[in-house]
Amino acid sequence: MAWAMREPGSFGAFFPNGDLEEWEDRLKRRFDEMSPSEKAQYGGDAPGYLYHVAQKFRSGRGMLEDEEKPAELKTDRTYKDLGDLMMVVDGLLVVSEAFKDVVDAMEPGVHQFWPMRFVAPWGKPYDDTLFGMVIGARLNSFSETDSDPASFRMTDGYPLAEYSNPKKVSGLALSRSEIGGRHLWRESRLYGLDIFFSEDLVAKLTERKMKLPKMFQVREV
Numbered sequence: 001m002a003w004a005m006r007e008p009g010s011f012g013a014f015f016p017n018g019d020l021e022e023w024e025d026r027l028k029r030r031f032d033e034m035s036p037s038e039k040a041q042y043g044g045d046a047p048g049y050l051y052h053v054a055q056k057f058r059s060g061r062g063m064l065e066d067e068e069k070p071a072e073l074k075t076d077r078t079y080k081d082l083g084d085l086m087m088v089v090d091g092l093l094v095v096s097e098a099f100k101d102v103v104d105a106m107e108p109g110v111h112q113f114w115p116m117r118f119v120a121p122w123g124k125p126y127d128d129t130l131f132g133m134v135i136g137a138r139l140n141s142f143s144e145t146d147s148d149p150a151s152f153r154m155t156d157g158y159p160l161a162e163y164s165n166p167k168k169v170s171g172l173a174l175s176r177s178e179i180g181g182r183h184l185w186r187e188s189r190l191y192g193l194d195i196f197f198s199e200d201l202v203a204k205l206t207e208r209k210m211k212l213p214k215m216f217q218v219r220e221v
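Just so you know, the working numbering puts 91 at position 91 of the sequence shown, and the rest follows in order with no gaps.
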């Protein structure tokens with residue numbers, strides 16, 4: 001059995017509200033230094049370039065260059081009980097050192113991690129050791145024929161998981177051969193669920209008593 005997670009929909013321990021001011025300012029300066037032909041690739045304006053970079057946070061289609069990595073999130077308030085796996089602005093994932101260590105041990109070199117820090121509104125850094133993360137695996141393991149028809153619906157030609165109903169979600173089926181031993185990945189065709197975990201990875205995270213967002217169990221066939 002595999003596990004799936006939907007990105008948190010409300011602010012809190014797994015979705016701290018804040019902004020990436022330092023990152024935005026740095027990328028705007030980088031854009032200003034580009035040649036006219038380079039700027040044209042992003043629609044000729046800085047927001048187009050920021051959007052292009054932010055797409056890498058979720059896409060699973062490429063790692064961030066060093067200059068593209070956010071270094072700091074300025075939170076709207078102090079969050080005292082952070083999760084071990086969090087989403088912040090623009091879908092960026094931030095994880096604890098413990099989460100990073102488990103994933104890195106199981107899939108060395110597959111995913112991208114870099115140091116990040118959270119800063120309170122008045123400028124004091126959090127004590128937590130945190131890392132930005134880009135998931136490096138993108139699979140197409142969803143099996144429409146093996147899934148319960150009630151577990152998803154087709155929207156604009158793509159399957160959308162019935163994520164609001166855990167019983168229905170449990171009828172989703174993923175191909176074990178397509179997963180191929182991966183432990184952490186995103187799906188390229190199935191919408192409504194954002195991050196997928198192997199049973200072994202969830203067991204390791206649970207053993208370490210990680211604080212994680214709500215997950216749904218799905219079948220492997």
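In this text, a Cβ means the ideal position worked out from N, Cα and C, and glycines have one as well.
As the structure is a computational prediction, the values presented were derived from the model and not from experiment.
What does DSSP give as the partner residues of residue i in its beta bridges?
i	result
Thr75	Gly18
Thr155	Tyr158
Arg58	DSSP lists no partner for Arg58.
Trp114	Gly132
Pro125	Val119
Ser96	Leu130
Tyr163	Tyr163 is not bridged to any residue.
Trp3	Phe197, Gln217
Gly12	Phe15
Leu139	Glu187
Taking the alpha-carbon of residue i as reference, which of the options has the nearest alpha-carbon?
i	options	result
Asp81	Asp128, Gln55, Met154	Asp128
Gln217	Ser151, Leu92, Pro159	Ser151
Pro16	Asp156, Asp101, Tyr79, Pro115	Tyr79
Leu50	Glu68, Ala40, Glu33, Pro36	Glu68
Glu107	Phe197, Leu160, Met1, Pro8	Phe197
Could you name the residues of the same chain whose beta carbon sits closer than 6 Å to that of residue i, not counting the 5 residues immediately before and after it, in chain order?
i	result
Ser188	Arg138, Asn140
Arg176	Glu220
Lys168	Ala150, Ser151, Glu162
Ala173	Ser143, Asp146, Ser147, Arg219, Val221
Ala46	Lys28, Phe31
Ser96	Asp84
Trp23	Pro70
Ala120	Thr78
I'd like the list of long-range same chain contacts for residue i, defined as Cβ closer than 7 Å, with 5 residues on each side in sequence excluded.
i	result
Gly83	Ala13, Phe14, Lys211, Leu212, Pro213
Trp122	none
Ser164	none
Gly171	Ser147, Asp148, Ala150, Ser151
Ala98	Asp84, Arg208, Met210
Am I right that residue i and residue j are in contact with their C-beta atoms under 8 Å? What's the rounded C-beta distance?
i	j	result
His111	Met133	6 Å
Arg6	Gly192	7 Å
Phe131	Phe113	5 Å
Trp3	Met215	5 Å
Met116	Pro70	6 Å
Met1	Glu199	5 Å
Leu205	Pro159	Between Pro159 and Leu205 the Cβ distance is about 27 Å, and since that is not below 8 Å, they are no contact.
What residues in its chain sit with their C-beta under 8 Å from that of residue i, if we drop five residues either side in the sequence?
i	result
Gly18	Leu73, Lys74, Thr75, Asp76, Val88, Val89, Phe118
Ile135	Gly60, Leu93, His111, Leu184, Trp185, Arg186, Ile195
Met63	Lys56, Gln112, Val134, Gly136
Arg58	Gly91, Arg186, Asp194
Val53	Leu27, Leu64, Glu68
Just checking residue i against the ligand COA - is the residue's beta carbon closer than 7 Å to any of the ligand's heavy atoms?
i	result
Glu187	The ligand content of the structure shown is nil, which means the ligand COA is not present either.
Q. Fully enclosed by the stretch 32-56, which beta strand (DSSP E) runs are 3 residues long or longer?
A. none
Q) At what residue ranges does the stretch 173-207 contain a whole run of the beta strand (DSSP E), taking only runs of 3 or more? A) 184-187, 195-197
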